[in-house]
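To start, the structure under review is shown below, and the notes come after it.
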Amino acid sequence: MTEPTSGVAKQELHDFLRAADKLTLEDRRLLVQQALVLIEQNYVHLPLKAAMHAVNPVQRLRLLAVRLSRQTPQTMGPEWRFHSELSEIFHSVRDLHTNYLLPLPFSGRIAFLPYLIEEHYDGDQRHYVVTRTLQDFSAPGFGPGVEVTHWNGIPIDRAVDINASRFAGSNPAARHARGLQSMTIRPLRVHVPPDESWVVLTYVGQDGIRRELSETWRVSDNLPPFVNADELSVAATAQGLDLGADEISRAIKLLYVPEAVTPRESLGGAELTAEPAEAGADIPTSMPAFFRARSVVTPSGTYGHIRVFSFSVNDPDAFVREFCRLIGLLPQNGLVLDVRDNGGGHIFASEFLLQTMTPRPIVPEPTQFITSNLNLRICRQHQENPSGIDLGPWCPSMEQALETGAVFSGAFSITPAGGANALGQQYFGPVVLITNALCYSATDIFAAGFQDHKIGKVLGTDDNTGAGGANVWTHELLKLLLELPSPAPQTPYKPLPGGAGMRVSVRRTLRVHDLAGTPVEDLGVVPDFRHRMTRRDVLQGNEDLLARAGEILAGQPVRRLDVQVSAAQVTLTTALVDRADIYLDGRPVASVDVTQQVTTVAVQGAGAAHVIRVEGFQGGELVAARTILRP
4 MTEPTSGVAK QELHDFLRAA DKLTLEDRRL LVQQALVLIE QNYVHLPLKA
54 AMHAVNPVQR LRLLAVRLSR QTPQTMGPEW RFHSELSEIF HSVRDLHTNY
104 LLPLPFSGRI AFLPYLIEEH YDGDQRHYVV TRTLQDFSAP GFGPGVEVTH
154 WNGIPIDRAV DINASRFAGS NPAARHARGL QSMTIRPLRV HVPPDESWVV
204 LTYVGQDGIR RELSETWRVS DNLPPFVNAD ELSVAATAQG LDLGADEISR
254 AIKLLYVPEA VTPRESLGGA ELTAEPAEAG ADIPTSMPAF FRARSVVTPS
304 GTYGHIRVFS FSVNDPDAFV REFCRLIGLL PQNGLVLDVR DNGGGHIFAS
354 EFLLQTMTPR PIVPEPTQFI TSNLNLRICR QHQENPSGID LGPWCPSMEQ
404 ALETGAVFSG AFSITPAGGA NALGQQYFGP VVLITNALCY SATDIFAAGF
454 QDHKIGKVLG TDDNTGAGGA NVWTHELLKL LLELPSPAPQ TPYKPLPGGA
504 GMRVSVRRTL RVHDLAGTPV EDLGVVPDFR HRMTRRDVLQ GNEDLLARAG
554 EILAGQPVRR LDVQVSAAQV TLTTALVDRA DIYLDGRPVA SVDVTQQVTT
604 VAVQGAGAAH VIRVEGFQGG ELVAARTILR P
């Protein structure tokens with residue numbers, strides 16, 4: 004075996020844990036008391052989780068508090084045991100938005116093994132293979148493509164299931180996916196360290212020989228996030244993020260794709276191009292941490308493929324602009340939009356993106372608080388939007404609910420409808436969305452909106468998305484919201500010791516249109532088509548998956564609606580459109596039958612309008628729309 008020599012600073016797990024025992028008994032008691040505040044008074048999914056999973060985290064926290072009250076500094080036991088129990092209580096609700104975040108020195112660290120394992124199917128039989136190894140790491144017959152059969156002597160499929168039972172996941176597919184993901188990378192901010200110091204992996208080598216590989220867990224600093232979820236900002240209050248998946252995504256970039264690591268959210272000096280992508284070629288992006296765009300050749304044709312790795316940005320408008328630039332350079336006859344493994348982020352970014360692929364107005368998902376005196380106090384504090392965070396719409400229904408006994412507040416969207424419809428449709432070919440069970444939170448919201456607005460078909464590599472339907476706030480953010488713009492008397496939120504943290508689902512999201520009122524949490528988005536990942540998929544760039552997406556796109560209509568505006572006329576270049584309605588600054592001014600590819604329409608005042616919108620119809624159905632914004 005050769006030790007990896009990459010630039011990632013690391014130490015062995017057992018050495019790291021020797022210096023990790025720092026919390027006092029009073030610190031532990033405070034953490035449990037603050038967890039009770041969040042779960043009892045802020046946690047929006049508590050009734051749902053108690054019903055669906057038969058759990059009672061409030062009682063478990065109370066029992067833990069009683070035990071801690073009877074302990075002394077001499078009898079309180081090791082710190083890892085306390086972290087494990089408190090983490091397990093949070094995990095019991097199977098909600099990846101609701102977490103106990105371990106203190107220093109765990110915060111910002113990852114535990115990892117020097118390889119990644121993924122699964123694929125051969126018929127109905129599931130297999131596990133190594134897909135990546137750390138740079139310069141080697142072992143006899145070991146490398147990408149070797150099949151893993153056992154984990155510490157346990158058959159690998161059973162080992163994944165055992166691991167999955169320890170981690171939150173709202174449905175079986177999500178639990179299994181997270182169980183596999185955490186076999187080789189664990190963000191110590193969210194998960195307690197592995198129980199074992201090393202792992203014995205049994206594998207069939209590239210030479211066909213069965214071998215065992217023993218490797219110790221290592222610990223390293225992770226890449227920092229771009230968004231500070233603890234500060235009072237729109238980005239922090241609009242968070243919909245699986246923190247564990249986001250940490251793992253950053254860790255994979257650090258360990259295995261260092262060329263995708265960027266110091267800033269957007270690289271203004273990146274070498275970009277305005278040339279359309281050639282068949283099989285990538286397009287450079289100013290946001291490599293968030294996008295990969297390319298043209299892919301499939302047996303059904305050449306299509307655009309864009310991978311969206313994360314929605315965790317501070318500037319959702321810049322995010323959408325870069326997305327629009329990229330899809331404009333891809334083939335216009337069909338788009339494969341791939342959000343697998345995307346743990347979410349800024350809810351605005353996810354819902355702003357929907358408009359670019361449909362002519363229909365976007366209805367952002369409405370959200371609800373659970374009704375409690377503490378949530379009402381927070382909303383009243385920001386009822387008049389004193390700090391840029393407007394919680395006023397939820398106040399009347401919450402005040403009424405304290406009298407009527409309603410469990411939830413009224414439902415209002417977090418994402419502004421104006422922003423969700425500001426740009427309008429940018430892509431006019433068919434779109435297929437690829438999801439898996441690691442799609443969560445803002446990505447669940449995006450997938451639900453994609454399906455609810457009938458933008459295209461959903462192709463899933465799992466039976467469901469991760470089913471995370473909530474806006475998540477940290478303990479520190481809740482504390483700030485109650486203290487600003489002026490300090491609140493008798494605040495229940497106390498500073499957490501040692502750099503510890505907590506997160507909680509505070510507003511639940513509901514679907515729109517045909518499934519209006521249905522919660523996303525625990526239910527998620529069920530795909531229209533299911534594809535089982537093959538060996539070629541996990542080892543050769545998703546070849547079979549992209550071929551299946553190409554089959555879905557093939558034969559679907561490819562429309563066109565280009566608009567040119569002069570002082571007194573509008574020229575339309577169209578395909579598969581038989582009628583066009585024209586609006587200037589929101590007022591209808593013309594409706595014409597389209598009988599040829601290029602149509603010129605006399606429109607007085609067109610040159611002076613600030614917003615020109617053209618809606619294209621076929622057979623009376625709205626099928627395309629173009630919005631032109633002018634200063």
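In our numbering, the protein residues as written are 4 to 634.
Beta carbons are placed, not taken as given, at the ideal position from N, Cα and C, and that holds for glycine.
When only Cα atoms are considered, T603 and S569 end up about 11 Å apart. In the structure shown, the three-state DSSP call for M79 is coil. Cβ neighbours of A180 within its own chain (closer than 6 Å, five residues either side excluded): A440, L441. Rounded to whole angstroms, the separation of the alpha carbons of P495 and S412 is 21 Å. Under the three-state reduction of DSSP, K52 is assigned to helix. Between L39 and L64, the CB-CB gap stays under 8 Å. DSSP, reduced to helix, strand and coil, places D466 outside both helices and strands of the structure shown, so it counts as coil. In the DSSP annotation of this structure, the continuous segment of the alpha helix (DSSP H) that includes H17 starts and ends at 16 to 21. Between V561 and V617, the C-beta spacing is not below 8 Å. Here K457 is exposed, its C-beta having fewer than 16 other C-beta atoms within 10 Å. For A473, the enclosing beta strand (DSSP E) starts and ends at 473 to 477.
Rounded to the nearest angstrom, the Cβ distance from G148 to D164 is 24 Å, too far for a contact under 8 Å. In this structure, the beta-carbon distance from S508 to V47 falls below 8 Å.
Looking at C398, L357, G126, P364, the one whose alpha-carbon comes closest to that of T374 is C398.
In this structure, P433 places its C-beta atom within 8 Å of the C-beta atom of G337. Distance from the CA atom of E43 to the CA atom of A425, rounded to whole angstroms, is 39 Å. DSSP lists L104 as the bridge partner or partners of G504. The residues H153, W154, N155, M186, in chain order, have a CB closer than 8 Å to that of A162 in the same chain once the five nearest residues on each side in sequence are set aside. Of the residues assessed, Q242 falls on the buried side of the cut-off, its CB having 16 or more other CB atoms within 10 angstroms.
If only complete runs of 3 or more residues are kept, the segment 134 to 163 shows the beta strand (DSSP E) at 150 to 154, in order along the chain.
For T370, the enclosing beta strand (DSSP E) covers residues 369 to 372.
Residue environment: N378 is assigned as buried (16 or more neighbouring CB atoms within 10 Å of its CB, all protein chains considered). Here T598 is exposed: its Cβ has fewer than 16 other Cβ atoms, across all protein chains shown, within 10 Å.
In the three-state reduction of the DSSP assignment, I251 falls in the helix class, which pools H, G and I. Sixteen is the threshold: when 16 or more other Cβ atoms of the shown chains lie within 10 Å of the Cβ of L191, as they do, the residue is buried. Under DSSP, the beta-bridge partners assigned to Q128 are D125. Around the C-beta of D540, 16 or more other C-beta atoms lie within 10 Å, and the residue is accordingly described as buried. Under the three-state reduction of DSSP, K497 is assigned to coil, being neither helix nor strand. DSSP places H94 in the helix class (H, G or I) of the three-state scheme.
Where D565 is concerned, there is no enclosing alpha helix (DSSP H), although the beta strand (DSSP E) around it starts and stops at 563 to 568. Counting along the chain, no alpha helix (DSSP H) covers V614; the unbroken beta strand (DSSP E) around it starts and ends at 614 to 621. Excluding sequence positions up to five before and after D24, its CB lies within less than 7 Å of the CB of P81, E82, all in the same chain and listed in chain order. In this structure the segment 102 to 110 does not lie against the segment 226 to 240, because fewer than three pairs of beta carbons, one per stretch, are closer than 8 Å.
A296 sits in a strand when the DSSP states are folded into three classes. For the pair A284 and V299, the Cα-to-Cα distance works out to about 7 Å.
N376 counts as exposed, since fewer than 16 other beta carbons sit within 10 angstroms of its beta carbon.
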